[in-house]
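One structure is given here, and the rest of the page talks about it.
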Amino acid sequence: MLNNIGLPGLLLIAVVVLVLFGRGKISSLMGEVGKGITSFKKGVADGTKELDDESKDEDETARNVTPTDEKDKV
1 MLNNIGLPGL LLIAVVVLVL FGRGKISSLM GEVGKGITSF KKGVADGTKE
51 LDDESKDEDE TARNVTPTDE KDKV
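Residues in the sequence shown are numbered from 1 upward in steps of one, following this note's numbering.
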């Protein structure tokens, strides 16, 4: 269905949206969308960093464990 929409159809849709919502409302909506995308990217980066930190902590903990000798177990 969307394959049949050409450039004239997209322009008509854009004009209708502009008339219905007005230029100021569309501008503020796009600003909110931009803030949302920025926030999402920041959240993904923080989550990735947190996972990397946890895996590094587990690796360090595994390396710091000293094996016990059988002689020490009395």
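All residues carry an ideal CB built from backbone N, CA and C; glycine is no exception.
Rounded C-alpha distance that separates residue i from residue j
| i | j | result |
| --- | --- | --- |
| Ser39 | Ile26 | 20 Å |
| Asp53 | Ile37 | 24 Å |
| Ala45 | Glu32 | 20 Å |
| Ser55 | Lys49 | 10 Å |
| Gly47 | Asp57 | 15 Å |
| Asn3 | Gly9 | 11 Å |
DSSP-derived helix/strand/coil call for residue i
| i | result |
| --- | --- |
| Ile13 | helix |
| Gly22 | coil |
| Gly47 | helix |
| Gly6 | coil |
Residue i: CB within 7 Å of a non-hydrogen atom of the ligand NAP
| i | result |
| --- | --- |
| Leu12 | The ligand NAP is absent from the structure shown, which contains no ligand whatsoever. |
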